[in-house]
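Presented below is the structure to which this report refers.
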Amino acid sequence: MRRFLLTLVLLLTGLNAQAQQPTLNIYNWADYMDPYAIERFQRETGIRVRYDVYDTLETLEGKLSAGRSGYDIVVPTSEPAFNRLVRAGALRPLDRARLPNAANLDPALMARIASVDPENRHGVIYLWGTVGLGMNAARIRELAPDAPLDSLDLLLNPEHARRIARCGIAVMDSAVDVLPSVLRHLGRHPDSTTQADLDAAQRALLAIRPFLRSIPSPPAIIDALAAGEICLAFSYSGDVIQATARAREARRTHEVTYVMPREGAQLWFDMMAIPADAPNPDAAHAFINFILQPDVMAGITRQVRYPNAVPASRALLPPEVANDPSVFPPAEALALSFVAGTPAQAGERARARLWARFKAGR
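Final position of the sequence shown in the working numbering is 362; the numbers increase by one with none missing.
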């Protein structure tokens with residue numbers, strides 16, 4: 001009986017300690033974190049982490065717009081989600097005194113999002129990347145030997161798309177990440193919502209619609225490229241690089257490569273931010289500061305193959321990652337890149353209608 005009572009006391013003590021342990025609630029993209037980083041943060045701080053994932057920005061924005069999401073850390077993309085959340089007052093200004101490791105961030109990259117978030121008050125870059133072409137170049141060469149592999153013309157020229165269609169083409173289901181590049185390729189402003197420019201983009205997309213195998217979610221493109229089910233995709237750089245790694249791990253006979261269009265690729269940033277009603281902002285600041293350490297960021301980039309904004313982390317990466325131009329684009333390619341803006345509400349509705357017609361093929 002005495003032993004039973006002692007066991008019960010120890011059990012209740014443990015449960016009470018767990019109940020009192022601070023909890024950090026994180027909401028991030030799926031497959032977008034180094035599990036060891038979470039484990040190490042919990043071990044070093046004593047803060048328990050609850051980690052949830054989403055697969056669309058609409059899901060994230062819906063949660064925060066409703067209020068009382070219960071999350072302490074969210075990771076919206078700079079345009080349009082982070083932009084809209086900043087304007088709506090849905091994010092808490094960061095306390096820079098609690099983030100000494102923010103000094104590790106690349107000031108040039110942080111400057112590129114200052115137009116969205118003046119003085120970088122509400123967020124810091126978590127990971128970033130470009131939007132471009134993932135391909136099985138050897139297969140494409142067999143079907144369209146004269147098609148340019150370094151240009152969006154490979155996809156948007158109907159003659160090239162018709163020939164390549166035999167081995168499978170996919171365009172990710174993301175109007176905010178596809179339309180700016182299409183407009184830029186057509187010589188229009190990537191943020192334009194004028195009827196003439198949207199009509200031109202619609203014509204270009206509908207012209208290749210018969211040759212597309214699918215318009216899937218970005219994660220589905222990773223598997224399709226890795227398995228060889230498609231030979232050309234328009235998608236995120238990191239997703240294509242993940243497909244490359246999966247194809248090699250599965251010992252596939254084809255090689256998947258990522259190409260930034262020579263016309264200039266869209267650049268995007270995923271931002272670590274704290275919701276205005278976060279239940280544990282102290283733990284949130286501790287986590288952001290922890291993540292911005294070079295060795296932690298190196299581990300995340302090594303795991304998910306997306307570049308980070310902490311330059312000192314590159315020396316800690318394997319050479320095949322640190323020196324891969326598809327992971328860390330060279331300066332000349334970055335100089336040609338552009339950051340898309342967030343259109344006004346009427347413009348967003350017009351783009352949504354265009355995208356719906358494109359998906360429907362009419």
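For each residue, glycine too, the CB sits at the ideal point set by N, CA and C.
**Message:** Excluding the 5 residues flanking A137 on each side, which residues of the same chain have their C-beta closer than 7 Å to its C-beta?
**Reply:** L149, T257
N323, buried or exposed, once every other Cβ within 10 Å from all chains shown has been counted against 16:
exposed
Practice problem: Could you tell me which uninterrupted alpha helix (DSSP H) segments, each at least 4 residues in length, are contained entirely in the stretch 73-150, listed from first to last along the chain? | Solution: 83-87, 107-111, 137-143
How about V49 and L64: do their beta carbons lie closer than 8 Å?
no
Cα-Cα separation between K359 and A233, rounded to whole angstroms = 15 Å
Opposing strand residues paired with T23 [DSSP bridges]:
R48
message = Going by C-alpha to C-alpha distance, which of F41, T77, P35 sits closest to W268?
response = T77
Taking only three categories from DSSP, how would you classify Y36?
helix
Report task. Could you name each continuous alpha helix (DSSP H) segment of 4 residues or more that falls completely within the stretch 303-339, going from the start of the chain to the end? Result -> 319-322, 331-336
Practice task
From the DSSP output, in three-state form, read off L6 for me.
Solution key: Low confidence applies here, because L6 scores a pLDDT of 39, under 50, leaving its location unreliable; read the following figure in that light. Of the three classes helix, strand and coil, the one that applies to L6 here is helix, per DSSP.
- prompt: N104: which of M135, P190, I291 sits nearest, CA to CA?
  reply: I291
Cβ atoms of I164 and I140: under 8 Å apart, would you say? yes
| Residue range of the alpha helix (DSSP H) that includes Q242 | 237-249
**OP:** Check S69 in the structure and name its three-state DSSP category.
**Re:** coil
Quiz prompt | Contact the stretch 271-291 vs the stretch 89-99: 3+ CB pairs below 8 Å | solution = yes
(Q) If distances are taken between C-alpha atoms only, which option among S69, L317, I169, R314 comes closest to I222? (A) I169
(request) Take the Cβ of G299 as the centre, count every other Cβ of all protein chains shown within 10 Å, and call the residue buried at 16 or more, exposed below. (result) buried
**Best match in Q21, I26, N25, I38 for proximity to M297 [C-alpha to C-alpha]** = I38
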